[in-house]
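The letter at position 67 of the sequence shown is residue 67 when you use full-length UniProt numbering, and the numbering goes up by one with no holes.
Note that the Cβ used here is the ideal one computed from N, Cα and C, for glycine as well.
The structure under discussion appears below in the form of C-alpha cells.
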Amino acid sequence: MAYRHFGDPRHLDYARHGLRFLRDAHWDDALQGYDWELDWRDGGKRATLDGTRHCYGLAFVLLAAAHATMAGIDEARPLIAATYELAEHRFWDAAAGLYADDATPNWIVSSYRGQNANMHMTEALLAAYEATGHLTYLDRAEKLASHITQRQAALSGGLVWEHYHADWSVDWDYNKEDSSNIFRPWGFQPGHQTEWAKLLLILERHRPLDWLAPRAAELFDAALTHAWDADHGGLCYGFGPDFTICDHNKYFWVQAETFAAAAMLGARTGSERFWDWYDEIWRYSWAHFVDHRYGAWYRILTCDNRKYSDEKSPAGKTDYHTMGACYDVLATLARTQRSEPTQ
C-alpha cells in the first residue's frame with residue numbers, strides 16, 4: 001500500500017522482507033501450514049511457540065500476497081493461488097459455504113466457528129481479485145459476504161455476531177466472561193459491523209448487487225446507534241444482545257475502520273450525514289488516539305479517553321488497521337475529489 005501511494009522503493013524492500021519471513025520462518029514445510037507464533041531471537045528461529053493453524057492467519061497471508069502483487073512484486077503472485085488452495089483444502093466448509101476457524105498443527109479442525117476469519121478472508125479475496133482479475137476470488141468473496149451479513153446475521157437480530165457452533169448456529173455464550181478478548185471477544189463488535197460495511201462497498205464496486213449498499217448502511221448505522229459515546233466521543237468496543245455496552249474502552253482499530261466506512265458510504269450515497277460522521281470520528285481520533293510526537297495510534301483508551309499505556313497497535317499487526325483505513329479513505333477522496341478533514 002505504501003509503495004503504491006508514495007512510490008518509495010524502500011517500501012518494496014520491506015514488503016519483500018515480509019514475504020520472505022512468512023516463507024522462511026512461519027511456514028512449516030513438514031506439516032504444510034503457517035505457525036502462529038515463533039520465538040525469534042538474534043536473527044534466528046529458536047522455537048515454535050504456537051503451531052495452531054488459523055484461517056484468520058491464512059487470510060492475512062493471502063492479503064499480503066495480493067497487495068505485494070499489486071505493487072509489482074512478481075514472486076508474490078504464486079502465493080495467492082497457493083494460499084487460496086490451502087484454505088480451500090483445510091478450512092472450507094462446503095455445506096455451510098463458510099470457512100472453519102482453526103486447527104491443530106497436524107490439521108485437526110476444531111469445532112469453533114467464527115465470523116472474524118470469514119470477514120478477513122473476504123477482504124483478502126477481494127484484494128486477490130483486484131490483483132489477478134480471477135473471478136474465483138470474487139465469487140468466493142460474494143458468497144462469504146452474503147452468508148455472514150445476511151444469512152448468519154438473520155440468526156442474531158440482523159447484526160453480525162462473532163461466535164458459532166460447528167453447525168453454524170449462534171453461540172451466545174462463547175467467551176461470555178471475556179468481552180475484551182483480542183481475537184474472540186464476546187458481544188457484538190461495532191468495529192466489525194462497520195468493517196463489513198466497508199467490505200460490502202468494495203464488493204459492490206466489482207459486482208453491483210442491489211443489496212450491498214443498503215446492507216452496508218444498516219450495519220454502519222447500527223454500530224453508531226448502539227456504540228457511540230455521546231459523552232466522551234468515540235465508539236465503545238462492544239455491546240450485548242440487549243444493546244447495553246459490555247466494554248466501554250475505546251480501541252484504535254474500531255475508530256479507524258469506522259471512519260473509513262463513513263467516507264465510503266458518503267461517497268457511495270452522497271449523504272452528508274456519513275461525511276459528518278467521518279469528520280467527527282477523525283476529529284476524535286486525531287485528538288485522542290494519534291501520538292503527535294512519535295507517530296502511530298495508541299491502542300486502547302479508557303471510556304473517558306485516557307491511555308492505558310504508550311503501547312501502539314500489537315506487534316503482529318503493526319499499523320494494519322489504521323494504514324489500511326487511511327489508504328481506503330485516500331482512494332475514496334481521490335475518486336470524489338473531496339477535501340481532507342481540517343485538523
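Quick check: what's the CA-CA separation for residue i versus residue j?
| i | j | result |
| --- | --- | --- |
| D276 | Y34 | 42 Å |
| N249 | A331 | 30 Å |
| E280 | A87 | 39 Å |
| L38 | G44 | 10 Å |
| R335 | A166 | 42 Å |
| G187 | P9 | 42 Å |
| H11 | G18 | 11 Å |
| A59 | R41 | 26 Å |
| T244 | Q115 | 21 Å |
| R46 | F6 | 36 Å |
| Q32 | W107 | 9 Å |
| D242 | W92 | 32 Å |
| A30 | C55 | 19 Å |
| L333 | P208 | 20 Å |
Closest to residue i by C-alpha separation, out of the options, would be which residue?
| i | options | result |
| --- | --- | --- |
| G57 | N175, H26, A166 and L49 | H26 |
| E195 | N106, M121 and S169 | M121 |
| W168 | S179, S180 and A153 | A153 |
| I80 | R151, H134 and D139 | H134 |
| G240 | D310, W282, G157 and H206 | G157 |
| D304 | A261, A94, L235 and A76 | L235 |
| L138 | E177, A197 and R205 | R205 |
| A95 | S313, H147, T83 and A64 | H147 |
| D319 | A103, S111, Y84 and V254 | V254 |
Measure the CB-CB distance between residue i and residue j and report whether it falls below 8 Å.
| i | j | result |
| --- | --- | --- |
| R23 | R53 | no |
| M1 | H67 | yes |
| V109 | A100 | yes |
| D74 | G51 | no |
| A213 | T269 | yes |
| G191 | E257 | yes |
| Y308 | I300 | yes |
| D229 | G238 | no |
| T149 | L219 | yes |
| Y278 | G233 | no |
| A145 | L203 | yes |
| A15 | L62 | no |
| F259 | A217 | no |
| K198 | A261 | yes |
Answer with buried or exposed for residue i, where buried requires no fewer than 16 other C-beta atoms within 10 angstroms of its C-beta.
| i | result |
| --- | --- |
| R113 | buried |
| F21 | exposed |
| P78 | exposed |
| E142 | buried |
| Y3 | buried |
| H322 | Reading off the sequence, residue 322 comes out as Thr, not His. Its Cβ being crowded by 16 or more others within 10 Å, T322 is buried. |
| D328 | buried |
| H292 | exposed |
| D13 | exposed |
Apart from the five residues on each side of it in sequence, which residues of its chain come closer than 6 Å, Cβ to Cβ, to residue i?
| i | result |
| --- | --- |
| Q337 | none |
| Y174 | H163 |
| A131 | A66, T69 and M70 |
| F252 | F289, W297 and R299 |
| E311 | R299 |
Does residue i come within less than 8 Å of chain B when only Cβ atoms are used?
| i | result |
| --- | --- |
| D171 | Here there is only one protein chain, and chain B is not present. |
Apart from the five residues just before and just after residue i, which ones in its own chain have a Cβ nearer than 7 Å to its Cβ?
| i | result |
| --- | --- |
| T342 | Since pLDDT at T342 reaches only 49, below the 50 mark, its modelled position is unreliable, and no value is offered. |
By Cβ distance below 8 Å, which residues in the same chain neighbour residue i in space, the five residues on each side in sequence not counted?
| i | result |
| --- | --- |
| L159 | A153, F188, Q193, L219 and A222 |
| E272 | G266 |
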